[in-house]
Amino acid sequence: MSIETSIYQKIKKFILTSRIVKILTLVIILILSIYWAYSQIEISVDAFTLKFGRSIIDGLAYSMLLFLMVSGFFVIFGLCDVINFAHGAFFMLGGFIGYEIYLASEIYLLDTAFLNNNFFVSLLAFFIACIGTASILAVIGGGIEVFTIKKYYGNVTSQILLTIGFMFIIAKLAEIIWGAPFQTFFLDSSSQLNYFFLGGVINLGTGLVFEVYQIFLIIFGFLFAGGMFLVFQKTRVGLQIQAGIEDAEMVEALGINITRLFTLVFMVGAALAGLAGVILVPWLGANTGHGTTYLIFAFVIVVVGGAHYGRFEGTFFGALIVGMSIKFCEYFFPDISSIIVFIIMSVILVFKPGGLTGEH
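The numbering used here numbers the first residue of the sequence shown as 371 and each following residue consecutively.
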């Protein structure tokens, strides 16, 4: 047997042994987790069913919200190769801007008697808030890219320092205007109508109650995911963005203005963050502490889903895993709800270093 063959056999044996050890470790962790979960749950079957049903709806709604928020982070990171630490601040700022636009639009519509129906007043005000906020954040994001980030492409350290600086600036300005993180602002309690068009609950009987807005979030999230898929696969701009994520230099060599495309992507990413911030407000309110919290979730989702390899579906699956796990633990294991996403991330990275849809 040659030396090369001997080395090959040893390497192959090591790889197989490593895989077996990983599988056995996963099985042991799974068994211990099931045993611990069983020992912790001391509720009746009916109570378990109610909690489980609520956790599913809450988890899906939260996952779709996270997916919308992190989609902007994904396109900026994937194409521009910029780790945008200000993305969470964009999300938080979008919530407050949308909150103010909604209230101002509601007052205007009521004063002008443009609509006499509370449902349509609230609907139109929310629509204006979504469009207005996305537009404002797109301008802010585009301005930051053109006047600062553009000068530092390829310089990761400068990009990180710049975006962290903008994160702190936006967060501080928000605290000056709207107050410290212990204050949360909601639409229905602040509006003149004391009403929101998607307020209310759906009662399925036997104590199983869901908010109407949560169902809206789930439907909107899946429609948005389908729309993003079509944009990336069927439109010229979407194909350019996807190609740019794979190989920006080749795209530029084909005559596409990559500089303009970078600016467009930065604007879209910031607009999506702002839109997600507005959509959050009717459910969980606007809070100056949201920026840091959701920025951490964005990083975890990108890593877990493998979206840092340019895989759009990784963003969706990552958001689904993070959102569902957080809400499930809030209902059944509240003590670990704040760290469950990091536990899941660690386990996935042990067995799939590239994330669920990435590569090794």
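Cβ atoms here follow ideal geometry from the backbone N, Cα and C, with glycine treated the same way.
- In the three-state reduction of the DSSP assignment, A656 falls in the strand class, which pools E and B.
- An exposed status is given to N564, since fewer than 16 other beta-carbon atoms sit within 10 Å of its beta-carbon.
- Below 8 angstroms, too few C-beta pairs join the stretch 617-632 and the stretch 466-483 to call them touching: fewer than three.
- For V717, the enclosing alpha helix (DSSP H) stretches over residues I710 to F721.
- With contacts defined by Cβ atoms closer than 7 angstroms, M537 and A459 form a contacting pair.
- Cα atoms of A641 and V711: separation of roughly 26 angstroms, rounded to the nearest angstrom.
- Ranked by how close their Cα comes to the Cα of M439, the residues Y701, E700, I706 and L690 have L690 in first place.
- Boundaries of the alpha helix (DSSP H) around N488: N488 to F517.
- By the neighbour-count criterion, in which a residue is buried when 16 or more other Cβ atoms sit within 10 angstroms of its Cβ, F687 is buried.
- The Cβ atoms of N573 and V579 sit closer than 7 angstroms to each other.
- The C-alpha of Q529 is placed about 7 angstroms away from the C-alpha of Y523.
- Looking at Y432, N454, T527 and L420, the one whose alpha-carbon comes closest to that of I649 is Y432.
- Judged by DSSP in its simplified three-state form, I626 adopts coil rather than helix or strand.
- Assigned with DSSP and collapsed to three states, I572 falls in strand.
- One thing to note: I446 has its Cβ within 7 angstroms of the Cβ of F636.
- One thing to note: G725 has its Cβ within 7 angstroms of the Cβ of G675.
- The C-beta separation of G442 from G659 comes to about 20 angstroms, leaving the pair out of contact by the 8 angstroms criterion.
- Our two residues, P652 and T554, have alpha carbons roughly 11 angstroms apart in a direct line.
- Note on T503: 16 or more other CB atoms within 10 angstroms of its CB, so buried under the neighbour-count rule.
- V582 sits in a helix when the DSSP states are folded into three classes.
- Taking 7 angstroms as the cut-off, the beta carbon of Y664 is found no closer than this to the beta carbon of F455.
- Collapsing the DSSP output to three states places F466 in a helix.
- In the three-state DSSP reduction, F418 falls in the helix class (H, G or I).
- Here M620 is exposed, its C-beta having fewer than 16 other C-beta atoms within 10 Å.
- According to the DSSP assignment, L531 belongs to the alpha helix (DSSP H) that extends over V526 to W548.
- By alpha-carbon distance to L449, the top candidate from E700, F702, A613 and F667 is A613.
- Exposed is the label assigned to I547, since fewer than 16 other Cβ atoms lie within 10 Å of its Cβ.
- With respect to L493, F567 sits close: the two C-beta atoms are nearer than 7 angstroms.
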